[in-house]
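**Student:** Once you've had a glance at the structure underneath, I'll fire off some questions.
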Amino acid sequence: MTEKRLELQDETQTLALGQRLADALSLPLVIHLEGELGAGKTTLTRAVVQGLGHQGHVKSPTYTLVEPYELEKAQVYHFDLYRLADAEELEFMGIRDYFTDRSLCLVEWPTRGQGVLPSPDITINLSYQNQGRMAVISSHSDKGQQIVGKL
């Protein structure tokens with residue numbers, strides 16, 4: 011397992027990390043995003059999705075659970091499981107169909123889907139640190155290790 015710790019002084023640095031991640035990734039890939047409310051999970055996701063070529067708005071799918079983005083390089087699925095009452099609900103929405111050979115799945119609040127979600131290739135934990143954030147990026151697969159090594 012590879013782990014990197016990055017201090018993110020402001021939103022600009024969070025967006026830059028998302029762009030670097032977009033440049034480094036290879037598919038398929040599952041990224042779990044952990045951290046408190048407001049720690050920057052959706053901001054980081056927005057940077058990754060836009061770094062892959064999406065031109066429009068990237069919103070948090072808090073109420074819909076998943077927001078799909080069909081891009082030239084990838085099918086991106088942004089999950090926000092904050093309001094998920096029971097992990098079994100994911101089975102009813104056909105969660106396994108989202109994890110394909112050309113998909114990037116970014117999952118906020120992954121512990122709420124524990125037991126149903128596939129294991130991540132990378133986990134990014136964002137936490138408050140002074141006025142900025144600390145990003146702890148951990149790999150959990152060979153592919154994840156290669157990507158984290160590029161960051």
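Taking this note's numbering, I'd label the letters of the sequence shown as residues 11 to 161. We put the beta carbon where it would ideally sit given N, CA and C, even for glycine.
#1: Where does PRO78 land, buried or exposed, given buried means 16+ other C-beta within 10 angstroms?
#2: Are the stretch 145–155 and the stretch 117–137 touching by the rule of at least three beta carbon pairs closer than 8 Å?
#3: Given a cut-off of 7 Å on the beta-carbon distance, is the pair ASP131 and LYS153 in contact?
#4: Take TRP119 and list the residues in its own chain whose beta-carbon comes closer than 7 Å to its own, dropping the five residues that flank it on each side.
#5: Quick one: give me the first and last residue of the alpha helix (DSSP H) that GLN29 is part of.
#6: Would a C-beta distance cut-off of 7 Å place GLY50 and THR24 closer than the cut-off?
#7: Indicate whether the contact test is met: 3 or more Cβ pairs, each with one atom in the stretch 56–65 and one in the stretch 93–101, closer than 8 Å.
#8: For VAL117, which residues from the same chain have a beta carbon less than 6 Å from its beta carbon, with the 5 sequence-adjacent residues on both sides left out?
#9: Is it right to say THR52 is buried, meaning 16 or more other beta carbons lie within 10 angstroms of its own, or is it exposed?
#10: Where does GLU98 land, buried or exposed, given buried means 16+ other C-beta within 10 angstroms?
#11: Alpha carbon to alpha carbon, what distance is there between ASP107 and LEU18?
#12: Are the beta-carbon atoms belonging to GLN85 and ARG112 less than 7 Å from one another?
**Tutor:** According to the structure shown:
#1: exposed
#2: yes
#3: yes
#4: ASP90, LEU91 and TYR92
#5: Per DSSP, GLN29 belongs to the alpha helix (DSSP H) from 21–34.
#6: yes
#7: No, because fewer than three Cβ pairs between the stretch 56–65 and the stretch 93–101 fall closer than 8 Å, the two stretches do not touch.
#8: Counting only Cβ-Cβ distances below 6 Å, and skipping sequence neighbours, we find HIS42 and PHE89.
#9: buried
#10: exposed
#11: 34 Å
#12: yes
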